[in-house]
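Worksheet: one structure, shown below.
Protein chains in written order, with my numbering: chain A, 4 to 179; chain B, 4 to 179; chain C, 4 to 179; chain D, 4 to 179.
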């Protein structure tokens with residue numbers, strides 16, 4: 004029996020020490036916040052923990068997060084979930100020199116939240132294969148009630164694989 | 004046989020004339036752009052067509068849409084799909100005095116796009132019931148290649164139903 | 004702030020004692036197996052725990068579960084997840100006299116399994132509202148490795164609400 | 004710009020003639036029904052068209068499809084959608100010697116149907132890459148009303164890639 008699409012022998016890690024280091028859950032959140040990209044920055048998402056085993060983030064709801072009814076837009080929840088899942092998957096794929104790209108995002112909305120709310124979220128892996136990964140993430144309000152939850156399936160791209168016509172320059176990779 | 008959760012007799016529309024008017028596909032895109040809310044505005048989403056049968060929108064990719072690899076963040080695609088589906092569902096629900104709220108968003112990412120790309124998207128209904136609606140939406144690049152596609156399930160809320168602790172003030176409703 | 008679509012005051016339970024009784028996690032699995040319906044029976048699904056807080060089930064993979072490559076068909080995983088989620092949601096909705104119907108099923112496949120494998124699964128609630136519920140469920144193999152995981156969104160139907168043209172006769176309700 | 008995960012040069016097809024042949028939409032439905040596997044057979048699914056561009060199937064609802072309320076179980080809809088999508092993706096992947104395996108299934112339920120109903124379904128591709136494919140499928144009743152709709156994401160496995168611990172023996176491949 005084997006994980007779907009992952010039955011070939013695992014790639015030799017670049018460095019067993021690096022692999023072990025990453026698995027020891029070093030927290031790359033500071034580096035991730037520097038590299039987070041325009042969308043997470045525009046959304047005010049702060050990564051508060053970033054390891055290959057667990058990723059956490061938070062944001063305070065402002066006008067830029069709202070839909071016309073005055074509650075947080077569903078795209079913000081989907082995107083926060085996508086952000087945390089991608090950071091975790093990228094950190095797990097890093098020792099192999101792989102980058103990751105999202106394939107599918109499925110998000111359930113549970114609770115409407117308004118401006119001023121402080122949201123925090125956590126993402127953990129369901130499966131971390133050589134070909135694909137699945138991470139789930141859940142967003143909570145200040146009272147730790149679930150606001151939204153979702154899963155992201157990501158494809159792992161081997162080194163040198165072009166993404167959208169250019170080589171991936173891997174800015175998300177903290178060590179390179 | 005009946006639509007799931009929708010088997011009770013349809014509510015009398017507020018006005019048969021209004022209902023017919025809306026079904027005639029009047030385009031509310033101008034009004035929708037005024038009311039679109041902070042997230043769609045921050046994302047630069049322009050609604051180019053808004054009827055109860057079809058909604059279209061577009062955006063030009065800028066720095067605020069990108070993730071760390073320099074391609075559009077998945078949350079932008081999920082959110083554009085959510086925006087168009089919500090506008091269509093809201094317009095359909097309007098003659099009953101209902102508002103709508105997203106329950107589920109499931110999006111597939113197909114093609115990575117970079118800054119400068121002009122995206123356009125279209126959303127059409129799968130089912131429009133009295134209790135829930137399902138709309139699908141697809142995003143295309145300038146060459147009409149699919150960039151992402153998704154479905155949104157929405158709950159229809161009867162008039163006066165509070166959303167997140169306050170009465171819905173229905174800014175998305177063009178006629179009020 | 005409130006749960007989506009659930010902001011009106013909760014319905015008075017038929018009986019506070021019954022409600023409390025159910026919340027005390029009485030196990031209805033035996034009754035559920037009698038009532039499980041043709042599909043779960045054809046699939047050999049046995050419910051091993053059925054409460055409003057947690058549902059468990061199992062099956063042994065046979066020829067009737069396979070797709071052409073000789074591994075379990077994705078529909079079996081989706082359906083096992085749907086079964087457990089529906090049982091839990093129905094038990095939670097029961098004290099209000101409500102029945103439930105699935106709206107959305109989103110399932111990730113993680114590990115291919117072959118004939119002879121014994122699968123077990125558990126489902127727990129994400130949100131249990133008066134209008135909708137979300138349950139997640141995960142399927143494991145004998146070594147407790149994840150085989151598949153998914154979420155189901157269900158609509159709660161008030162008493163007397165017809166489903167598919169007939170009154171719901173509520174065979175899934177253990178007490179009626 | 005490129006399709007996600009598919010930017011490397013396409014594999015040389017085994018035979019340009021074979022590829023063209025398949026793209027000409029030869030109908031493999033008869034062969035597919037012989038090879039359909041235990042689950043589709045137990046569910047009484049008949050493939051009525053099977054090409055790399057479009058797949059159709061049908062079933063008549065019987066006791067083996069029902070959940071306790073007497074309507075078709077959600078797992079049947081998910082599984083019918085999975086079946087059609089997988090047949091199409093497998094036929095598309097065949098000229099490369101690839102097999103396919105489902106990664107994600109997201110299905111929306113629209114209309115409850117009872118025993119005796121005749122359902123028909125159609126699946127078409129959203130994207131057909133070298134690494135992954137996405138197919139959507141919709142199920143209709145006799146009056147061509149939508150009963151359910153969904154999308155399936157599939158991973159393409161290169162020749163010789165083991166699936167669940169054994170070599171894929173490719174029974175779904177019509178030409179081998």
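Don't be surprised by glycine CBs; every beta carbon is placed ideally from N, CA and C. If you're wondering where the values come from, they're calculated on a predicted model, not measured in any experiment.
Under the three-state DSSP convention, the category residue i falls into
i                      : result
residue 98 of chain A  : helix
residue 55 of chain C  : coil
residue 113 of chain C : coil
residue 6 of chain A   : strand
residue 66 of chain A  : helix
residue 164 of chain C : coil
residue 131 of chain C : strand
residue 40 of chain D  : coil
residue 29 of chain B  : coil
According to DSSP, residues forming a beta bridge with residue i
i                      : result
residue 123 of chain A : A/61 and A/143
residue 157 of chain D : D/105 and D/136
residue 74 of chain C  : C/117
residue 151 of chain C : C/112 and C/142
residue 50 of chain A  : A/60
Cα-Cα separation, residue i to residue j
i                      : j                      : result
residue 59 of chain A  : residue 128 of chain C : 22 Å
residue 37 of chain B  : residue 76 of chain B  : 25 Å
residue 132 of chain C : residue 32 of chain D  : 44 Å
residue 86 of chain B  : residue 30 of chain A  : 35 Å
residue 163 of chain D : residue 100 of chain D : 9 Å
residue 69 of chain A  : residue 148 of chain B : 29 Å
residue 53 of chain A  : residue 35 of chain A  : 7 Å
residue 79 of chain B  : residue 109 of chain C : 21 Å
residue 61 of chain D  : residue 51 of chain D  : 7 Å
residue 159 of chain A : residue 98 of chain A  : 12 Å
residue 41 of chain A  : residue 91 of chain D  : 38 Å
residue 8 of chain C   : residue 150 of chain A : 13 Å
residue 72 of chain A  : residue 102 of chain B : 9 Å
residue 67 of chain A  : residue 137 of chain B : 26 Å
residue 124 of chain B : residue 49 of chain B  : 10 Å
residue 143 of chain D : residue 130 of chain B : 12 Å
residue 135 of chain C : residue 111 of chain A : 11 Å
residue 118 of chain D : residue 121 of chain B : 48 Å
residue 243 of chain C : residue 44 of chain B  : Any property of residue 243 of chain C remains undetermined from this structure, which presents chain C solely from 4 to 179.
residue 81 of chain B  : residue 115 of chain B : 14 Å
residue 105 of chain C : residue 74 of chain D  : 11 Å
residue 2 of chain D   : residue 47 of chain D  : Because chain D is modelled from 4 through 179, residue 2 of chain D falls outside the range shown and cannot be assessed.
residue 93 of chain A  : residue 65 of chain B  : 23 Å
Residue-level contact to chain B via CB, residue i, 7 Å cutoff
i                      : result
residue 106 of chain A : yes
residue 2 of chain A   : Because chain A spans 4 through 179 in this model, residue 2 of chain A falls outside it and cannot be assessed.
residue 82 of chain A  : yes
residue 115 of chain D : yes
Below-7 Å beta-carbon distance, residue i vs any chain D residue
i                      : result
residue 110 of chain C : yes
Residue-level contact to chain A via CB, residue i, 7 Å cutoff
i                      : result
residue 6 of chain C   : yes
residue 175 of chain B : The pLDDT assigned to residue 175 of chain B is 35, lower than 50, so where the model puts this residue is not dependable; a value taken from the coordinates is nonetheless given after this. Closer than 7 Å: yes.
Any C-beta of chain C under 7 Å from that of residue i
i                      : result
residue 93 of chain A  : no
residue 96 of chain A  : no
residue 101 of chain B : no
Any chain G beta carbon closer than 7 Å to residue i
i                      : result
residue 140 of chain C : Looking for chain G here will not work: the only protein chains present are A, B, C and D.
| task | Name, going along the chain, the residues of the segment 63–79 of chain D whose beta-carbon falls closer than 9 Å to a beta-carbon of chain C. | result | 65, 66, 67, 68, 69, 70, 71, 72, 73, 74, 75, 76, 77, 78 and 79
| query | Of all the residues that make up the segment 31–61 of chain A, which are near chain C by a beta-carbon distance shorter than 8 Å? | reply | none
| request: Using a Cβ-Cβ cut-off of less than 8 Å, list which residues of the segment 142–162 of chain B approach chain C; keep chain order. | output: So the close ones are 156, 158 and 160.
| said: Please identify, using Cβ separations under 9 Å, the residues of the segment 123–137 of chain A that lie next to chain D, in order along the chain. | reply: 134, 135 and 137
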